[in-house]
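Below is one structure; the comments refer to it alone.
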Amino acid sequence: MASRQVANPEASGRKTAPRRTVSRDDLTEAAIALVERDGLDALTMRRLAAELDRAPMSLYTHVRNRDDLVDAIVARLIERLELRDAPGESWQETARRTLRSYRDLAVQLPHSFELLALAPYDTSPVAPHLARVVASLERGGLGAAEARQILGIVDAYATGFLVVWARSRAAERTLGADAAPPELTGMRELETFDQGLEALIAGLDATLAHGPAASDPPA
Numbered sequence: 048m049a050s051r052q053v054a055n056p057e058a059s060g061r062k063t064a065p066r067r068t069v070s071r072d073d074l075t076e077a078a079i080a081l082v083e084r085d086g087l088d089a090l091t092m093r094r095l096a097a098e099l100d101r102a103p104m105s106l107y108t109h110v111r112n113r114d115d116l117v118d119a120i121v122a123r124l125i126e127r128l129e130l131r132d133a134p135g136e137s138w139q140e141t142a143r144r145t146l147r148s149y150r151d152l153a154v155q156l157p158h159s160f161e162l163l164a165l166a167p168y169d170t171s172p173v174a175p176h177l178a179r180v181v182a183s184l185e186r187g188g189l190g191a192a193e194a195r196q197i198l199g200i201v202d203a204y205a206t207g208f209l210v211v212w213a214r215s216r217a218a219e220r221t222l223g224a225d226a227a228p229p230e231l232t233g234m235r236e237l238e239t240f241d242q243g244l245e246a247l248i249a250g251l252d253a254t255l256a257h258g259p260a261a262s263d264p265p266a
C-alpha cells in the first residue's frame with residue numbers, strides 16, 4: 048500500500064509569502080472603500096475583517112470598537128478636506144472655501160461623508176477641526192462668539208443639503224431616474240448649493256457679522 052505524502056513547500060522549493068501586517072490606516076482605508084461600495088449599513092467589524100481576509104478579533108489590535116473605527120474614518124475625511132490657513136483671507140472667503148471643501152468631499156465620498164457631516168462636535172477628530180475653522184474666521188475679522196455662531200449656521204446648512212444630496216444620488220442609482228419628480232430634481236443640484244451658500248454668507252454679513260453682539264441688550 049502506497050504511503051501518503053504531505054506536500055512540503057520548503058522541500059519543493061516553494062515558500063509561502065508572509066501575510067502583510069495590517070495597520071490602523073489600512074483598516075480606515077478599507078472601511079471607507081467598503082462604505083462607498085456597499086453603504087453605511089455594511090460597516091461592521093465582521094464585514095471589514097472579511098474584506099481584509101483577517102479574523103474579526105484581530106482588528107481590535109488597531110481599533111477599540113466600531114465607534115473608534117468611525118472616529119478613524121472621520122479623522123481621515125477631515126484630512127482629505129485639505130483645509131489650510133490662508134493669510135489675509137476674509138471670514139467670508141474662509142466660510143466659502145470651507146463649505147466648498149465639504150461639497151467636494153461629498154461628491155468624492157458620498158456615503159462616508161455622512162459620518163463626518165453627522166459626527167458630534169465634541170468627538171476627538173471633530174473638535175480640533177472646528178476650533179481651527181473658528182480661529183480662521185476670527186483672523187478674517189469676526190469676534191469669537193460671532194465666529195462660532197456663523198460656523199454653526201453654515202455647517203448646519205452644508206450638513207442638511209449635502210447629506211440629502213448624497214442620499215438622493217444613491218436612491219437614483221438604486222431606483223433609476225424616476226426616484227424624484229422631474230420638477231423637484233433641480234432643488235438638490237450642486238449649483239443650488241453654491242447659490243445658497245452665497246446667499247447665506249451675504250445674509251450673515253448683513254446681520255450677524257455687523258449686528259449687535261449677542262451679549263448686548265436690545266436698544
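So the sequence shown is numbered by the working numbering: it starts at 48 and just counts up by one.
Every residue gets a Cβ at the ideal spot worked out from N, C-alpha and C, and that includes glycine.
Q.
Starting from ARG67, trace the alpha helix (DSSP H) in both directions and tell me its first and last residue.
A. Note, ARG67: premise wrong, no alpha helix (DSSP H); not H, not E.
Q: Could you check which residue in VAL210, ASP202, HIS158, VAL121 has the C-alpha nearest to that of LEU247?
A: ASP202
Q | Straight-line Cα distance separating THR141 from GLY330 | A | In the structure displayed, the chain extends from 48 to 266; residue 330 sits before or after that span and is not available.
Q | Close-in-space but distant-in-sequence residues of the same chain around GLU136 (CB under 7 Å, 5 per side omitted) | A | GLY187
Q: Taking only runs that begin and end inside the stretch 60-142, name each unbroken alpha helix (DSSP H) of 4 or more residues, in chain order.
A: 71-85, 92-99, 113-128
Q) How is the alpha helix (DSSP H) around PRO175 delimited, first residue to last? A) 173-186
Q) Quick one: Cα of ASP263 to Cα of ASP241, how far? A) Low confidence applies here, because ASP263 scores a pLDDT of 48, under 50, leaving its location unreliable; read the following figure in that light. Rounded to whole angstroms, ASP263 to ASP241 spans 33 Å at the Cα level.
Q | ALA253 burial status per 10 Å Cβ neighbour count (16 or more: buried) | A | exposed
Q: Could you tell me which of GLY199, LEU237, ALA192 sits nearest to ARG216, measuring between CA atoms?
A: LEU237
Q: Could you pull out every residue in the same chain whose Cβ sits closer than 6 Å to the Cβ of ARG164, ignoring the five residues on either side in sequence?
A: In the sequence on display, residue 164 carries Ala and not Arg. Excluding positions up to five away in sequence, the list reads THR206, VAL210.
Q.
Spatial neighbours of SER148 within its chain, please: C-beta separation below 8 Å, excluding the five flanking residues on both sides.
A. LEU128, GLU129, LEU130
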